[in-house]
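Chemist: The structure follows.
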Amino acid sequence: MHVQIVLFDGFDPLDVIAPFEVLAAGSDAVQGELIVELVSAQGPRPVRSGTRGLVLTATSRLDPTKPGYVLVPGASGPTVGDPDEGVETIPVLLARFGETEAVTLVREALRNPEVTVATVCGGSLALAMAGLITARHAVTHVQGMEVLAATGVHAVPARVVDDGDLVSAGGVTSGLDLGLHILEREYGPRIAHAVETYFEYERRGTVWRNTGRQPVAV
Amino acid sequence: MNSIIGIWDLKLRTPIGSLAVVYTFTDTADGLRGTAEGRGETVPLVDIDQQTTADGQHVTWRQSITRPITLNLDFDVTVAGDTLTGHSRAGRLPRSSVTGNRRNA
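The listed protein sequences derive, respectively, from chains A and B.
Counting with the working numbering, you get residues 921 to 1138 for the letters of the first sequence.
Counting with the working numbering, you get residues 99 to 203 for the letters of the second sequence.
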């Protein structure tokens, strides 16, 4: 199984590295059965993050036909400021992602029954603003939840929201929980637990799924 | 009197900046209809409602745009002659002011 983590200009480094390391450790625990790679919509290239210009290198082009996961991180940048005055706020960076070839490729990935699309932080908002996940259930960074809802997505304030072939995680550090959830989903709790133990990190909260009884307001 | 009928240039704010949008309101047998045109797409206005108040004609509607981003917007404006003022709101985000001018035929 492949996990392709999609780099784009202005990405948030921790959104990428947290699941990358968790999945790499999980890959070791299943003897390399899981292949985790950094990709971009444009192919192999150095990609500049939104934090102090830190660069990570995409080693191949995002391929929506590869079975497994396509993981979209969020962006890092100012949360305040006026886009009309040229401030490249996080929503502006995420909307720009929506104007790249990435949209076509992620749309194909969403249509491919062998691919689950996963997001960390603003990744879900990038897909939502591009119109790819309308009426789906998802979470994003706490500061983006109202914008996410305004795009027509059912915004659920959980740390990880598992909506079938779309799995989203909240802000920044929730990428650790997303990585562990993917490991448990694909390889079972013993693999996820082994990585938790090694990383000295435990997930928190309940993974939200649109199943079971509906809670009554009290 | 239905003073909103006509073509209007509006500037509205979104989380990624301001957009210039052209609105067309028409009177039809089925009532007031409207469209919004901007960034290469034309979308219909839904749930258009209007009432005459002491300040002028008060009009509300909803619309869903997909360009440059997907966004659901609610509008609430008041027409005074050839200008229109009010606000738009995207979901639960804070509302932002909207101003518009009638385009002269």
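Yeah, the Cβ is synthetic: ideal placement off N, Cα and C, and Gly gets one too.
On a predicted model such as this, the values are computed, not experimentally measured, just so you know.
Interface residues of chain B around Asp932 (chain A) at Cβ under 7 Å?
Modeler: Within the first sequence, the letter at position 12 stands for residue 932 (chain A). What Asp932 (chain A) touches in chain B: nothing, since even the nearest Cβ is about 18 Å away.
Chemist: Could you give the DSSP three-state label for Tyr989 (chain A): helix, strand or coil?
Modeler: By 1-based counting over the first sequence, the position of residue 989 (chain A) is 69. Strand, per DSSP.
Chemist: So, for Ala944 (chain A): in the same chain, excluding its five sequence neighbours on each side, which residues have a beta-carbon less than 8 Å away from its beta-carbon?
Modeler: Indexing the first sequence from 1 puts residue 944 (chain A) at position 24. Counting only Cβ-Cβ distances below 8 Å, and skipping sequence neighbours, we find Val956.
Chemist: First and last residue of the beta strand (DSSP E) that includes Leu110 (chain B)?
Modeler: The sequence position of residue 110 (chain B) within the second sequence is 12, counting from 1. Looking at the DSSP string, the run of the beta strand (DSSP E) that includes Leu110 (chain B) is Gly104 to Thr112.
Chemist: How many Å lie between Thr182 (chain B) and Tyr1107 (chain A) at the Cα?
Modeler: For this step, residue 182 (chain B) is matched to residue 84 along the second sequence. For this step, residue 1107 (chain A) is matched to residue 187 along the first sequence. Here the sequence assigns Leu to residue 182 (chain B), which means Thr is not the residue at that position. Going from the Cα of Leu182 (chain B) to the Cα of Tyr1107 (chain A) covers about 59 Å.
Chemist: Would you verify that the beta carbon of Ala1015 (chain A) is, or is not, closer than 8 Å to some beta carbon of chain B?
Modeler: As a first step, residue 1015 (chain A) must be located in the first sequence, where it is residue number 95. Yes, contact with chain B.
Chemist: So, are the CB atoms of Ile105 (chain B) and Val177 (chain B) less than 8 Å apart?
Modeler: Within the second sequence, numbered from 1, the residue matching residue 105 (chain B) stands at position 7. Within the second sequence, numbered from 1, the residue matching residue 177 (chain B) stands at position 79. No.
Chemist: Could you tell me the boundaries of the beta strand (DSSP E) in which Pro142 (chain B) lies?
Modeler: Here residue 142 (chain B) is taken as the residue at index 44 of the second sequence, counted from 1. Its beta strand (DSSP E) spans residues Glu139 to Pro142.
Chemist: In the structure shown, what three-state DSSP assignment does Thr1117 (chain A) receive?
Modeler: Residue numbering aside, residue 1117 (chain A) sits at position 197 when the first sequence is read from its first letter. The answer is helix: DSSP assigns Thr1117 (chain A) an H, G or I state.
Chemist: Residues in the same chain with beta-carbon distance under 6 Å from Thr977 (chain A), minus the five sequence neighbours each way, listed in chain order, please.
Modeler: Indexing the first sequence from 1 puts residue 977 (chain A) at position 57. The answer, listed in chain order, is Pro966.
Chemist: Between which two residues does the alpha helix (DSSP H) harbouring Ala152 (chain B) extend?
Modeler: Here residue 152 (chain B) corresponds to residue number 54 of the second sequence, with the count starting at 1. Premise fails: Ala152 (chain B) is in no alpha helix (DSSP H) and is neither H nor E.
Chemist: Using only CA atoms, which one of A:Val926, A:Gly1072 and A:Phe928 lies nearest to Ala1055 (chain A)?
Modeler: Walking along the first sequence from the start, residue 1055 (chain A) turns up at place 135. Nearest option by C-alpha distance: A:Gly1072.
Chemist: Are the CB atoms of Val1127 (chain A) and Val1080 (chain A) within a distance shorter than 8 Å?
Modeler: For the purposes of this step, residue 1080 (chain A) is taken as the residue at position 160 of the first sequence. For the purposes of this step, residue 1127 (chain A) is taken as the residue at position 207 of the first sequence. Closer than 8 Å, so yes.
Chemist: Residues of chain B with CB under 9 Å from Leu994 (chain A), in chain order?
Modeler: Counting from 1 along the first sequence, the entry for residue 994 (chain A) is found at position 74. It is Gly, not Leu, that sits at residue 994 (chain A) in the sequence shown. In chain order: nothing, as chain B lies at least about 14 Å away.
Chemist: Measure the beta-carbon distance from Gly138 (chain B) to Arg160 (chain B) and round it to whole angstroms, keeping in mind my assumption that it falls under 8 Å.
Modeler: Counted from its first residue, the second sequence places residue 138 (chain B) at position 40. Counted from its first residue, the second sequence places residue 160 (chain B) at position 62. Rounded, the Cβ-Cβ distance is 21 Å, inconsistent with contact.
Chemist: Would you identify the three-state DSSP class for Pro966 (chain A), choosing helix, strand or coil?
Modeler: If you number the first sequence from 1, residue 966 (chain A) lands on position 46. Correct three-state label for Pro966 (chain A): strand.
Chemist: Can you grab the Cα-Cα spacing for the pair Gly1091 (chain A) / Cys1041 (chain A), in whole Å?
Modeler: As a first step, residue 1091 (chain A) is located in the first sequence; it is residue number 171 there, counting from the start. As a first step, residue 1041 (chain A) is located in the first sequence; it is residue number 121 there, counting from the start. Whole-angstrom Cα-Cα distance: 4 Å.
Chemist: So Ile1111 (chain A) packs on Val950 (chain A), CB below 8 Å; how close in whole Å?
Modeler: One-based indexing of the first sequence puts residue 1111 (chain A) at position 191. One-based indexing of the first sequence puts residue 950 (chain A) at position 30. Rounded, the Cβ-Cβ distance is 6 Å, consistent with contact.
Chemist: Given that Asp1004 (chain A) touches chain B, what residues does it touch there, using C-beta distances under 7 Å?
Modeler: Here residue 1004 (chain A) refers to the residue found at position 84 when the first sequence is read from its first residue. Those are Gly115 and Ser116, listed as they occur along chain B.
Chemist: Please return the same chain residues whose Cβ sits closer than 8 Å to the Cβ of Arg981 (chain A), not counting the five positions on each side in sequence.
Modeler: Position 61 of the first sequence, counting from 1, holds the residue named residue 981 (chain A). Once the five neighbours on either side are set aside, the close Cβ partners of Arg981 (chain A) are Val959, Ser960, Ala961, Gln962, Gly963 and Pro964.
Chemist: For Gly994 (chain A), count neighbouring Cβ atoms within 10 angstroms of its own Cβ and tell me buried if that reaches 16, exposed if not.
Modeler: Numbered from 1 along the first sequence, position 74 holds the residue referred to as residue 994 (chain A). Buried, since its Cβ has 16 or more Cβ neighbours within 10 Å.
Chemist: What in chain B is Cβ-close to Pro998 (chain A), meaning under 8 Å?
Modeler: For this step, residue 998 (chain A) is matched to residue 78 along the first sequence. By Cβ distance, chain B contributes nothing, its closest Cβ being about 13 Å from Pro998 (chain A), past 8 Å.
Chemist: So the candidates are A:Glu1066, A:Ala1137, A:His1113 and A:Asp1097; which of them puts its Cα closest to the Cα of Arg1123 (chain A)?
Modeler: On the first sequence, position 203 is the one that residue 1123 (chain A) refers to. If we check each option's Cα against that of Arg1123 (chain A), A:Asp1097 comes out closest.
Chemist: Here's the rule: buried if 16 or more other CB atoms are within 10 angstroms of the residue's CB, otherwise exposed. What is Arg111 (chain B)?
Modeler: Along the second sequence, one-based indexing puts residue 111 (chain B) at 13. With 16 or more Cβ atoms within 10 Å of its Cβ, Arg111 (chain B) is classed as buried.
Chemist: Assign Leu130 (chain B) to one of three DSSP states: helix, strand, or coil.
Modeler: The count along the second sequence starts at 1 and reaches residue 130 (chain B) at position 32. DSSP places Leu130 (chain B) in strand when its eight states are reduced to three.
Chemist: Does the beta carbon of Pro219 (chain B) come closer than 8 Å to any beta carbon on chain A?
Modeler: Here chain B comprises residues numbered 99 to 203, so residue 219 (chain B) is not present and cannot be evaluated.
Chemist: Hey, out of A:Asp1085, A:Asp935 and A:Ala1137, whose CA is closest to Pro1033 (chain A)'s CA?
Modeler: Translated into the one-based positions of the first sequence, residue 1033 (chain A) becomes position 113. For Pro1033 (chain A), the nearest C-alpha among the options comes from A:Asp1085.
Chemist: Are there three or more Cβ pairs, one per stretch, closer than 8 Å when the region 110 to 129 of chain B is compared with the region 183 to 194 of chain B?
Modeler: Yes: at least three Cβ pairs fall under 8 Å.
Chemist: How many whole angstroms separate the CB atoms of Pro984 (chain A) and Met921 (chain A), which I take to be in contact at a CB cut-off of 8 Å?
Modeler: Working through the first sequence from its first residue, we reach residue 984 (chain A) at position 64. Working through the first sequence from its first residue, we reach residue 921 (chain A) at position 1. Contact doesn't hold; Cβ gap of about 15 Å is too wide.
Chemist: Of the choices A:Gly1132, A:Gln1134 and A:Gln924, whose alpha-carbon is the least far from that of Ala1022 (chain A)?
Modeler: Within the first sequence, numbered from 1, the residue matching residue 1022 (chain A) stands at position 102. Cα-wise, what sits closest to Ala1022 (chain A) is A:Gln924.
Chemist: What are the residues of the region 1059 to 1074 of chain A that lie near chain B, defined by any Cβ-Cβ distance shorter than 7 Å?
Modeler: Answer in chain order: Glu1066, Val1067, Ala1069, Ala1070, Thr1071 and Gly1072.
Chemist: Could you tell me which chain B residues have their CB closer than 7 Å to the CB of Gly1018 (chain A), listed as they occur along the chain?
Modeler: Stepping through the first sequence from its first residue, residue 1018 (chain A) is reached at position 98. Simply Ile167.
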